[in-house]
Amino acid sequence: MPELPEVEVVRRGLANWVAGRTVSGVEVLHPRAVRRQPAGAVDFTARLTGTTLGAAQRRGKYLWVPLSGTGEGFSLIGHLGMSGQLLVQDQAAPDEKHLRVRLRFSDGGRELRFVDQRTFGGLAVEEAEDGDPEGTPVSIAHIARDPLDPRFDDAAFAAALRARRTTVKRALLDQTLISGVGNIYADEALWRSRLHYDRPTATLTRPQALLLLANARDVMAAALAVGGTSFDSLYVNVNGESGYFSRDLDAYGREHEPCRRCGTALRRAAWMNRSSYFCPRCQRTPRVR
DNA sequence: AAATCAGCCTGCTCGC
DNA sequence: TGCGAGCAGGCTGATT
Numbered sequence: 001m002p003e004l005p006e007v008e009v010v011r012r013g014l015a016n017w018v019a020g021r022t023v024s025g026v027e028v029l030h031p032r033a034v035r036r037q038p039a040g041a042v043d044f045t046a047r048l049t050g051t052t053l054g055a056a057q058r059r060g061k062y063l064w065v066p067l068s069g070t071g072e073g074f075s076l077i078g079h080l081g082m083s084g085q086l087l088v089q090d091q092a093a094p095d096e097k098h099l100r101v102r103l104r105f106s107d108g109g110r111e112l113r114f115v116d117q118r119t120f121g122g123l124a125v126e127e128a129e130d131g132d133p134e135g136t137p138v139s140i141a142h143i144a145r146d147p148l149d150p151r152f153d154d155a156a157f158a159a160a161l162r163a164r165r166t167t168v169k170r171a172l173l174d175q176t177l178i179s180g181v182g183n184i185y186a187d188e189a190l191w192r193s194r195l196h197y198d199r200p201t202a203t204l205t206r207p208q209a210l211l212l213l214a215n216a217r218d219v220m221a222a223a224l225a226v227g228g229t230s231f232d233s234l235y236v237n238v239n240g241e242s243g244y245f246s247r248d249l250d251a252y253g254r255e256h257e258p259c260r261r262c263g264t265a266l267r268r269a270a271w272m273n274r275s276s277y278f279c280p281r282c283q284r285t286p287r288v289r
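For the first sequence, the UniProt record's numbering gives the first residue as 1, with consecutive numbering after it.
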């Protein structure tokens, strides 16, 4: 499941392979893939056809590609959801089973395909938020900056985190507070910080909040570095089977395996319809809830 | 206003 | 072998 590092790999791929190319044709094979387009697939196709793609941008897990020419002022936005992939493919390559959207280009080169098994992801063409100098699309503007963004404000984050009346993992997954963090990197950052997922945010000290942020940033940067090395330049995709599961995870998916700090068997707890992996010794359960 | 959570979606694995 | 349950879980929108 793509989180910030995986989406960043895709962004780089888009910047390398589709920037500067003009869209000659659009095919929507599943309407759900463009459900965020208010006027539907026909409108999506019309707005995209004939435009030229710019350099891909990213905030958290969202991507957007500014359009020029007939699409000036608009962006193609994308979210991979749980299972989305953006692939640069030969036109002759057979359609993927879960191919949802196809973009062809006027140069006759490889096409861009949006493939998504579970259709939690999607594409849309959207205008920039009014007055935003960075051209952030409307539906992305409410998302907080991510920790790899140079303009992320560490001190403001620490203060906002401590002001919340919730628990720390919920806060990490709240994309309006900090973006890009998903279930995997949340568990990794908490393990590195020796914090239990149910720790009330209000009980964190400022140094603890800053340490948690630093750990989240570090683990995502380290994953991005690994993702870069295993990135297959033939594709602009995240391929779950080709190396991203070999990341050096310390917590996620390691139930019953020894903690790399203290040797205690890690546990998995059901949490919010998902799982939390933690060390019961290093990450003590908060006494008061 | 902030916090919470059902629902969306498909493929795979497991137990019976 | 078939079948249902459980699991993977980010985000939207509704509710409290």
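A virtual CB, placed ideally from N, CA and C, is assigned to each residue, including glycine. Source: prediction; values computed, not measured.
G13 is the residue among P286, V23, D149 and G13 whose C-alpha sits nearest the C-alpha of Q85. Just so you know, the alpha carbons of S179 and E3 end up roughly 10 Å apart. Secondary-structure assignment with DSSP links W17 through no beta bridge to anything. Judged by DSSP in its simplified three-state form, G122 adopts strand.
Taking 4 residues as the shortest admissible run, the stretch 29-79 contains the following complete alpha helix (DSSP H) segments, listed from N- to C-terminal end: 40-48. Residues V115, D116 and Q117 of the same chain have their beta carbon placed closer than 7 Å to that of H98, with the five preceding and five following residues left out of the count. A straight line joining the alpha-carbon of C279 with that of A225 spans about 26 Å. If the five residues before and after R206 are omitted, its C-beta is found closer than 6 Å to the C-beta atoms of A158, all from its own chain and listed in chain order.
Boundaries of the alpha helix (DSSP H) harbouring L172: V168 to L173, taken from the DSSP string.
According to the DSSP assignment, S275 belongs to the beta strand (DSSP E) that extends over R274 to F278.
In the assembly as shown, A55 is an exposed residue. Its beta-carbon has fewer than 16 other beta-carbons within 10 Å. For A144, there is no enclosing alpha helix (DSSP H), as DSSP gives it neither H nor E.
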